[in-house]
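Protein chains: 2
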Amino acid sequence: MRPQELRIVGIRGLPMVRPGDDLPRLLVEGMKKQGLAFHDGDVIVLSQKIVSKAQGRFFRLRDLLPSRRAVEIAKRTKKDPRFVQAVLNESSEVLRADGEALIVRTKNGITCLNAGLDRSNVEGQGTYSLLPFDPDAEALWIKKRIKLLTGRKVAVLICDTFSRPFRSGQVEFAIGLAGLNPIEDYRGKKDLFGHRLRFKFVSLADELACAAELVMGQGDEGIPAALIRGFNSKRLGSSNSKSLIVSRSIDLFRGTI
Amino acid sequence: MRPQELRIVGIRGLPMVRPGDDLPRLLVEGMKKQGLAFHDGDVIVLSQKIVSKAQGRFFRLRDLLPSRRAVEIAKRTKKDPRFVQAVLNESSEVLRADGEALIVRTKNGITCLNAGLDRSNVEGQGTYSLLPFDPDAEALWIKKRIKLLTGRKVAVLICDTFSRPFRSGQVEFAIGLAGLNPIEDYRGKKDLFGHRLRFKFVSLADELACAAELVMGQGDEGIPAALIRGFNSKRLGSSNSKSLIVSRSIDLFRGTI
């Protein structure tokens, strides 16, 4: 059963997040400033950047010593070898490294540019942020902490902006989650004319992440979180983001690009 | 400037759409049944299926005569050669054809399974729907017709559900649009600390499509359209879906899968 109506609200009242900050508390307080409070069944979407900031997931280029491999890849991709070393530290596999792109599979299984390292909205010269450490565990902790602070059962989704094959422009992917089923499986259900659907299973988590991005800020607008209200509670439940990853050997698109 | 709040409402009052139906009129009437009316700046998202139905974009397997190439691909993919012929008719290039998948680039540039042909929610044994003919032109016509019927300036987006590399589950892509800029380009803008953003350009059209899918139906629920209200009017404007397509030769992910 689909929801009648979704509301998506950007959470504007957050201060600059710093390492060690109690992010769930900042969210609750930020929402309060906007006249909002959590309801049971709300989905709260957080940009990777504030989660990484609260975790202190930064590095400075000057603290890295590049390996021979990093130096070699840096030459091919015209990047700083220390930056390449940081990317390699986060990666399980390098898929492309040449003039245009350094594309890897991260240790968490996400295929993306530069292992998600970037310096946008990060303070300090030569300072970059890493993706959060264990985003599923972090989402679960945030969910539990919101329950403790407010008594409300919410779902939590951590997202980041990624490029994709075939399509122009970036979209959001869910990189960590708690309290919702990331996939809705229609296979075996009947359509309008009683045919069984054979292929349809929808990535709700990535769709929620995209929906949230529409009210979140890139750049200097400072809207690093969104509240989604009205999402069907039957879609909630305990899960994690692992089911969103396709392993290379069974990827339908193998060899197409 | 990001919107404060988005509302996303599934449009439930549509009848079964048939070839030749005046889809914009059905939308206006369907919304009226729900107590809704179009506002300037609304984004109306339509599933490919109702647009194809209104255009009469169907074929029956028994009407197709497979070529030798279709027969050969059908053997490799264990599909009906007439179905394969229909896929080839819609495609500019076959990217993968083996036991697991028939992946093509359509004449409109979309990389997908089976050129978007399917029979879910289509009436009649052996009858399949094709993607709409010229979805951008169709979106523009729907936009103009809604203006004529209601006096309101809306944006129109036609979407379909597609599989993607690397990620599990399907999401919506915008395959045709009118009245909105599909991409928001942040490159050159400043972040919280005054750094210039170098890479960020977001596919708003695909994000809107994903947001709409959260209230639309796949199976037998019959919610083939959604209204998105609160989308920033600065993001509206005249455009089409061509800028959402990356040509193969410049695809950053070339060789990664």
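Quick mapping for you: the protein sequence lines, in order, are chains X and P.
Using our numbering, you'd call the opening residue of the first sequence number 1 and step up by one each time.
Using our numbering, you'd call the opening residue of the second sequence number 1 and step up by one each time.
Even glycine gets a Cβ: it sits at the ideal position worked out from N, Cα and C.
query: Name, please, each residue of chain X whose Cβ falls closer than 9 angstroms to the Cβ of Pro165/P.; result: Thr111, Arg164, Pro165, Phe166, Val246, Asp251, Leu252, Phe253, Arg254, Thr256, Ile257
query: Can you find a CB in chain X that lies within less than 9 angstroms of the CB of Val45/P?; result: no
query: Using three-state DSSP, classify Asp251/P as helix, strand or coil.; result: coil
query: With a cut-off of 9 angstroms, does the C-beta of Arg7/P fall near any C-beta of chain X?; result: yes
query: Using a Cβ-Cβ cut-off of 8 angstroms (strictly less than) and excluding sequence neighbours within five positions of Asp251/P, which residues of its own chain qualify?; result: none
query: Find the nearest neighbour of Arg248/P within the set Ala86/P, Val71/P, Gly109/P, judged by alpha-carbon distance.; result: Gly109/P
query: Based on the DSSP output, what are the partners of Arg105/P in its beta bridges?; result: Glu93/P, Thr111/P
query: Among Ser238/P, Phe199/P, Phe173/P, whose alpha-carbon lies nearest the alpha-carbon of Thr111/P?; result: Phe173/P
query: Distance, Cα to Cα, Ser91/X vs Ser91/P?; result: 36 angstroms
query: Kindly indicate which three-state DSSP category Leu23/P falls into: helix, strand or coil?; result: helix
query: Closer than 8 angstroms by beta-carbon distance: list the chain X residues that pair up with Asp206/P, in chain order.; result: Arg167, Gly169, Val171, Cys210
query: What three-state label does DSSP hand Val215/P in the structure shown?; result: coil
query: Could you tell me the alpha carbon to alpha carbon distance between Ala211/X and Asp98/P, rounded to whole angstroms?; result: 35 angstroms
query: With 9 angstroms as the threshold, decide whether the Cβ of Gly151/X is near any Cβ in chain P.; result: no
query: Can you give the Cα-Cα distance for Asp191/P and Phe199/P, rounded to whole angstroms?; result: 12 angstroms
query: Can you name the residues of chain P whose CB is closer than 9 angstroms to the CB of Leu177/X?; result: Within chain P, no residue comes near Leu177/X; the closest Cβ sits about 13 angstroms away, beyond 9 angstroms.
query: What is the rounded straight-line gap between the Cα of Ile257/P and the Cα of Val104/P?; result: 15 angstroms
query: Checking contacts by CB at 9 angstroms: is Ile50/X closer than that to chain P?; result: no
query: Kindly indicate the opening and closing residues of the alpha helix (DSSP H) around Val71/P.; result: 68–77
query: With 16 other CB atoms within 10 Å as the buried threshold, where does Met1/P fall?; result: Note that Met1/P scores a pLDDT of 47, beneath 50, so its modelled location is shaky; the value from the coordinates is reported in the next line. Classification for Met1/P: exposed.
query: Drop a sphere of 10 angstroms on the beta-carbon of Ile175/P, count the other beta-carbons inside from all chains shown, and report buried for 16 or more, exposed for fewer.; result: buried
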